[in-house]
Amino acid sequence: MVMWRFPSNDYGENKGINDSGVSQFRGTPLKSLAREICQNSLDAAVEEKIKVEFNMFSIESNKLPGRDVLKNTFERCLDFWKVQKGTDTKDFFTTAIKEIEKEQCTFLRISDFNTRGLTGSKGEINTNWTNLTKSSGVSDKRGTAGGSFGIGKFAPFACSLFSTIFYSTYDEEGIEASQGVARLVTFTREDGENTQGIGYFGEEKNTPVYEQLKLEPGFERKPEQYGTDIYIAGYKFAGETWKTDIIISILDGFLGAIWNEKLEVIVGDVVINKESLDDLIEEYRGALTGYTDKYYEVLRSDKTAWKVENLLGLGEVKLGILLGDPDAPKRVAMIRQTGMKIMDKDRLPGHVPFTGIMFINGDEINTRLRLMENPEHTEWQPDRAGNKMQAQTLLKEIHSFIRNWIEELVSNSTEDSIDAVGVGNFIPDMADDAKDTSKEEIISDKVLDVEIKKVPRKAKSMKQPGDMEKEDEVEKDGHMEPDGTEEEWFHNGGHTVTPGPKPGDDAHQEKGGSEQAPKKIPVGIEKFISICVDKERGKYVLMIVPDNNGTDGIVELYLSAETQNYEAPIQKASLIAGSGTVTVSKNKIKGFSFVKGQAVRVSIELDFYDYCSMEVKMYATQK
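Counting the sequence shown from 1 gives a position; this note's numbering is that position plus 1091.
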């Protein structure tokens, strides 16, 4: 007889509401649902492209399989746990009872096509069917498959007000099977036995019914239309935005699989495939998460630079980097062989904005990454691998490959590509018919800059940000500093001149005076951008937007290191846009007039000939 059965725990452990594995996905239920479902379907693919459908529908509650028994079970669960001080269990079953008593019951059907279906329904152990319906923490997937923990099966339960799912399959062997699974809590049955908390809707000994489950009116698989159907009973996200929420999750997690035509998803009446991506990205741009729109530009742009390499002899990886967008997230989407994005790789070179995508295609490298993947499939953790050192080496090699490709692209950039990665932001406005000399100003040697030749007498520790140099620590003629370092001014031609102000309008040495300098206060920064123009010469262009007005402004620059920051060794500085006449002193550029919200653009040269990250502090006399 087909009915709900809840096995006895035989006086063993009682199971609570947070013990079923479902709680793993309650924080991000929809995102987890989309990721786990599509990943499992991709793992079961028998053709190059699979199709997954999400469709919501309602039926009369009395047509819910085993509805009366299920309602009675909810009541027994509530009674069993009523003495508990916490309210989580009581709240869950109070809601479940109210919902199952309604005239209509809402379902979400999820179906895949062009897959093997859920094979092994007549087996007792270690089959795809039993691993899904009667196992916890069990996975028997091949090395390159997406899942490895066997907990992804719990994601649909987190989306059910009843914590109840119905499975139906038509597998590649021609077998049809269906079964319901309710992951609840321990309760006392009518015979006085306490249960394990999990129940099955099926035949004797909790075996499946060998026919397809027909719940949704008008839906039935056609002959040889193999695949699996999952019915989420009491779908809890049945609001107006149910389609949007799923679409966003699909685009974020499986953009790579859709672009490579491994996956097509239908959500209600919305088709997600390579042909519809343009329209969907534009339609949902405001709601997209995870830098999806930026990654899509990497895929579709003809300016994306791709590099393919056999990494450590473990298989092919393909990396695409797109420069040119000043709002680029400086992230790389890491996509495994299945087409699912695992993470947004950060902590990469930050001197130029970029967006990237890395397709990890090789079998062996996928196998090793799978072994260190967390259960949520959002991170690689070396401690999970059998060989931690080997795992760390692999991750380090991946990081180096990405970093080196980015740096190579930037260092080989032409003048036009330099402008594309953000230098254009620094160019002053001009009339259309005016001669464009701004790029020339930025990247040529024609500007009269301040160049300082230093003859060090003794070592001096580097200051940290915020350690303002006292104004009276510098000799009033600008020639001798307190640490004994002599400075001489040079023209670009290299001819020494008498110490004092350097000729030119863009840089002047400070003059002495007996009056006490006005007290300077910190100036906040709305925006700070640094662009490397010429790595070999240490040339950068800076754009700084102050959030306050001030005169006699000072900009302090620091090179960012792992554990501390160091004074930037500034050799030259010239003002491109903004007010003031600037001078250079160690890591300071002085002489700015700050106007709130108005960008200051300055070209500098450092005695440092590699890419670097910078931090900035600003001070000024308040107007």
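Built from N, CA and C at the ideal position, the CB exists for glycine as well. Note that this is a predicted model, so its numbers are computed, not measured.
- Rounded to the nearest whole angstrom, the CA to CA distance from T1395 to V1707 is 31 Å.
- Taking all protein chains in view, the Cβ of R1376 is surrounded by fewer than 16 other Cβ atoms within 10 Å, so the residue is classified as exposed.
- With a contact defined as Cβ atoms closer than 8 Å, M1705 and A1659 qualify at about 7 Å.
- In the DSSP assignment, S1340 falls within the unbroken alpha helix (DSSP H) covering W1333 to W1350.
- Close CB contacts of N1100 within its chain, under the 7 Å cut and outside five residues either way in sequence, are with T1277, N1285, T1286 and Q1287 (chain order).
- Per DSSP, the continuous alpha helix (DSSP H) segment holding F1165 begins and ends at R1158 to F1171.
- Annotation: M1463 is outside any beta strand (DSSP E) and is labelled neither H nor E by DSSP.
- DSSP places F1685 in the strand class (E or B) of the three-state scheme.
- Sequence-distant partners of E1355 (beyond 5 residues in either direction) whose C-beta falls short of 8 Å from its own C-beta, in its chain, are K1140, I1141, K1142, V1143, I1349, V1362, I1363 and N1364.
- The criterion of a C-beta distance shorter than 8 Å is satisfied by L1252 and E1190.
- T1383 sits away from L1414, with the two beta carbons spaced by 8 Å or more.
- Straight through space, the alpha carbons of C1129 and G1430 are spaced by roughly 10 Å.
- Between the stretch 1168-1185 and the stretch 1307-1314 there are fewer than three C-beta pairs closer than 8 Å, too few to call the two in contact.
- Counting along the chain, N1222 sits inside the alpha helix (DSSP H) bounded by residues N1219 to T1224.
- Taking 8 Å as the cut-off, the beta carbon of Y1322 is found no closer than this to the beta carbon of T1197.
- DSSP places I1216 in the coil class of the three-state scheme, outside both helix and strand.
- Take the alpha-carbon of S1694 and the one of A1125: they are about 48 Å apart.
- The three-state secondary structure of A1659, taken from DSSP, is coil.
- The beta-carbon separation of G1615 and F1685, rounded to 10 Å, does not stay under the 8 Å limit for a contact.
- Secondary structure note for M1480: its alpha helix (DSSP H) is the uninterrupted segment K1479 to S1502.
- One Cα belongs to F1619, the other to R1692, and the distance between them is close to 10 Å.
- Non-local beta-carbon contacts of V1636 in its own chain, meaning distances under 6 Å to residues more than five positions away in sequence, involve E1617, K1618 and A1690 in chain order.
- In chain order, K1398, L1410 and I1412 place their CB closer than 7 Å to the CB of W1496, counting only its own chain and leaving out the 5 sequence neighbours on each side.
- For a cut-off of 8 Å, the C-beta gap from E1263 to G1208 is around 6 Å, short enough to register as a contact.
- The Cβ atoms of L1405 and I1493 do not sit closer than 8 Å to each other.
- The beta strand (DSSP E) runs of length 3 or more contained entirely in the stretch 1267-1305 are, from start to end of the chain, 1267-1274 and 1289-1293.
- Comparing alpha-carbon positions, the option among L1346, Q1483 and I1338 lying closest to D1360 turns out to be I1338.
- Excluding residues up to 5 positions away in sequence, M1147 lie with their Cβ nearer than 7 Å to the Cβ of W1333 in the same chain.
- With a beta-carbon spacing of about 6 Å, A1273 and S1254 fall inside the 8 Å limit used to define contacts.
- In the displayed model, Y1702 falls within coil according to three-state DSSP, outside both helix and strand.
- By the C-beta density criterion, T1319 is buried, having at least 16 other C-beta atoms within 10 angstroms.
- Distance from the Cα of S1670 is smallest, within the candidate group D1643, F1292 and T1186, for D1643.
- Under the three-state reduction of DSSP output, L1402 falls in the helix class.
- The Cβ-Cβ distance between G1347 and F1445 does not fall below 8 Å.
- In the three-state reduction of the DSSP assignment, F1097 falls in the coil class.
- Judged by beta-carbon spacing, G1271 lies beyond the 8 Å limit of F1248, meaning their Cβ atoms are not closer than that value.
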